[in-house]
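Worksheet for the structure shown next.
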Amino acid sequence: MSTMLSLALMMTADVPPSPAPQAQESLPHMIKTEWSAAPPMPQGMQDNDGGIIDDYLVLVGGFCHGKDDNRKPGMYPRGFLKKAWALNLKNEAAGWIQLPHFPGAARQEMNGISVHNKIYLWGGFSYSEPYCYKNGYRLERTGGEWSWHPLPDMPYPGSAGSVAVIGSKIFLVGGMDYDAQRYYVSTDRTGEVKRFGARLSVFDTAAESKGWKTLKPCPGTPRMMSAMAASDGQLYLMGGYAVDDKGGAHNVVDSWRYDPSTDTWHRLRDLPVSVSGFSSGMLLYQNRYILLVTGYPHPTIMNPDGSIRPRYGTPSRIDRSQWPGETGFNGSLLYENHVWVYDTHTDLYGTATYLPFDDHGQTMYILGDTMYLFPGETGGFYWEHEYFGHAAEFVLRGKVKALDWQR
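Residue numbers for the sequence shown follow our numbering, so the first one is -1 and each next one is one higher.
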């Protein structure tokens, strides 16, 4: 019996049905965003993580494939990163400053977030052994000095999980393992940890020495690269990216709410369009709206029982004919520019102003009415006649406003 079939038999009786997805053409426009450029990063990169300390927005690690370095020499050097940078949000004109390097191996797609003016980072992956990591470090700033401190390991190596905070507690859902050949989400690379991408763990920053505690796993599809946010003491897990036992990639559309007070999961409405690869970071606006930015439209969806079905919905992509030249990938990649919104008050999806470029797997931080978005993988794009590459140094700033869509 295959791994996927055995997992499906385990799951079938435990997963409630979803309310029918909303028709894409009827989605209300919930959020308006005015886009501008924030100070660019010192180099191009993707899949970094970080958070907020004092007035500083911090990014750590990541990867750059180097394919666009001939167009901007020195801007897109190939390799994994352990660099860390910070932008003073009260003095953006001063640009990014370099911080002490991440103490662990260079890596991308760590599991990280800020809690009480400190940043916590674990895991990630690279192309060198052990390929996927479980160690972590805390970044803090005291008396104007930045310093790193080791943390208890995660229970298992992992990368590209979903992270959110309630009080002093960091919740981590899903993610993937990696062995230099492929991603593992339905199990870990050994096959011993079943439903790897559905696991839920919690780390209390007020009691670090106690380490991680395992909670009830999500009953839905095991996943990586999901969106997750916390609102009113509840966790919301939206969509993601699944990998079957042969390495095939699929969209995830089932979404869930977790109540920590009862250790229970509740199924929400499925996504209105099947895509995968949402943002990491701080995704909640006005303690109500979760912004779900772009994605990649794999041709199929993996259901919670492990079965596969065709994708649905119509993705949105930028009109590249408006740009003054070719992009690095000639528009061949299927990245998208849509921005969906999930309203935690009504269990309904809507739309927000779309991005000015196609993107996938970006990092995003919403601070008050301002959004900072760091492109993940783009097809290459232009902003005010300047070219930005596949792993762009560009930083997109958005002024966000909720609309009276229920009127």
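Yeah, the Cβ is synthetic: ideal placement off N, Cα and C, and Gly gets one too.
Classify residue i as buried or exposed, calling it buried when 16 or more other Cβ atoms lie within 10 Å of its own Cβ.
| i | result |
| --- | --- |
| residue 91 | exposed |
| residue 4 | Because the pLDDT at residue 4 is just 43, under 50, the model does not fix this residue reliably, and the point stays unresolved. |
| residue 141 | exposed |
| residue 415 | Residue 415 falls outside the range modelled here, since the chain spans only -1 to 405, and no answer is possible. |
| residue 109 | buried |
| residue 54 | buried |
| residue 24 | exposed |
| residue 125 | exposed |
| residue 356 | buried |
| residue 111 | buried |
| residue 350 | buried |
Figure out for me which residue from the options has the closest Cα to the Cα of residue i.
| i | options | result |
| --- | --- | --- |
| residue 407 | 73, 241, 36 and 233 | This structure does not reach residue 407, given that the chain is present from -1 up to 405, and the question cannot be answered. |
| residue 303 | 250, 272 and 313 | 250 |
| residue 375 | 286, 59, 33 and 334 | 334 |
| residue 175 | 228, 107 and 72 | 107 |
| residue 181 | 319, 244, 225 and 164 | 244 |
| residue 81 | 53, 65 and 48 | 48 |
| residue 172 | 166, 214, 143 and 160 | 160 |
| residue 344 | 286, 114 and 150 | 286 |
| residue 185 | 213, 203, 206 and 156 | 156 |
| residue 395 | 261, 404 and 370 | 370 |
| residue 311 | 323, 279, 268 and 207 | 268 |
| residue 238 | 282, 183 and 77 | 183 |
| residue 59 | 166, 361, 20 and 405 | 361 |
| residue 282 | 77, 232, 318 and 265 | 232 |
Is residue i near the ligand MG, going by C-beta to nearest heavy atom under 7 angstroms?
| i | result |
| --- | --- |
| residue 403 | Because no ligand of any kind appears in the structure shown, any question about the ligand MG cannot be addressed here. |
Would you check if the distance between the CB atom of residue i and the CB atom of residue j is smaller than 8 angstroms?
| i | j | result |
| --- | --- | --- |
| residue 400 | residue 28 | yes |
| residue 392 | residue 84 | no |
| residue 235 | residue 253 | yes |
| residue 246 | residue 273 | no |
What does residue i pair with, by DSSP beta-bridge criteria?
| i | result |
| --- | --- |
| residue 48 | 57 |
| residue 248 | 240 |
| residue 106 | 123 |
| residue 260 | The partner list for residue 260 (beta bridge, DSSP) is empty, contrary to what the question assumes. |
| residue 118 | 111 and 136 |
| residue 27 | 349 |
| residue 265 | 254 |
| residue 89 | According to DSSP, residue 89 bridges with nothing at all. |
Does the beta carbon of residue i come closer than 8 angstroms to any beta carbon on chain B?
| i | result |
| --- | --- |
| residue 373 | Checking the listed chains, one finds no chain B in this structure; it contains a single protein chain. |
In chain order, which continuous runs of the beta strand (DSSP E) of length 3 or greater are located wholly inside the stretch 130 to 172?
Secondary structure remark: continuous beta strand (DSSP E) runs of at least 3 residues inside the stretch 130 to 172, in chain order: 134 to 140, 143 to 149, 160 to 164 and 167 to 171.
Of all the alpha helix (DSSP H) runs that stay within the bounds of the stretch 286 to 343, which reach a length of 4 or more residues?
Listed in chain order, nothing qualifies, since the stretch 286 to 343 has no complete alpha helix (DSSP H) run of 4 or more residues.
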